[in-house]
Amino acid sequence: MVTYRLLLVLKFVGVILYGGGLIGGFAATVPADRKRAVHAIASPGLVLTWLAGYLLTTQLILPLTELWILGGLLLSLVSQLALVHSVSRGRRTLGAFAAAFGPLLLVLGLMVFRPTWALVGR
20 MVTYRLLLVL KFVGVILYGG GLIGGFAATV PADRKRAVHA IASPGLVLTW
70 LAGYLLTTQL ILPLTELWIL GGLLLSLVSQ LALVHSVSRG RRTLGAFAAA
120 FGPLLLVLGL MVFRPTWALV GR
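Residue numbers in the sequence shown follow our numbering, run continuously in steps of one, and reach 141 at the last position.
Written out as structure tokens, the structure is:
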């Protein structure tokens, strides 16, 4: 049980790092600071989140093919790609922010409600 709680804390730290890097990637005014926020904070945060999430699935004996897990992986990747694209192109538009932040909100919904494939057919 202690391992599970520690993994939850690690995942939370990863999510905080990713969110902070995402905000920093759009809030910073100097392009070098924006790139640093994305590549030195958000990207390692996402890796930590994925690693802790994988280890949590092993603790809970959950298949990685669950709808909410696959959706979370895919949407977090979409968010990361949109974030990296906006920083590499120097875009700080509302649309670029929505493209990076929107999938992250959807991931939050998937992690909270945990829809399964059984619900898809209904």
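Here a beta-carbon is modelled for each residue, glycine too, at the ideal position from N, C-alpha and C.
Helix, strand or coil: how does DSSP classify Ala51 here? helix
Between Gly43 and Ala56, how many whole angstroms is the CB-CB distance? I'm expecting something under 8 Å. 3 Å
Helix, strand or coil: how does DSSP classify Gly140 here? coil
Skipping 5 residues on each side, what residues in its chain have a beta carbon closer than 8 Å to that of Leu138? Leu86
Just confirm the distance between the C-beta atoms of Leu123 and Ser98, as a whole number of angstroms; I'd bet it's less than 8 Å. 5 Å
Evaluate contact between the region 70 to 80 and the region 24 to 38, counting only Cβ atoms and requiring at least three cross-stretch pairs below 8 Å. yes
Beta-carbon proximity check, Ala59 vs Leu41, cutoff 9 Å: no
Met12 versus Ala115, Leu92, Ala117, residue with shortest Cα-Cα distance: The chain is shown only over 20 to 141; residue 12 falls outside these bounds and no answer can be derived.
What's the call for Leu79, buried or exposed, on a 16-neighbour Cβ count within 10 Å? exposed
Flag this pair as yes or no: are the beta carbons of Arg53 and Arg111 separated by less than 9 Å? yes
Answer with yes or no whether the minimum CB distance from Ile35 to chain D is below 9 Å. No chain D is present in this structure, which holds just one protein chain.
Assign Leu83 to one of two classes, buried (16 or more other C-beta atoms within 10 Å of its C-beta) or exposed (fewer than that). exposed
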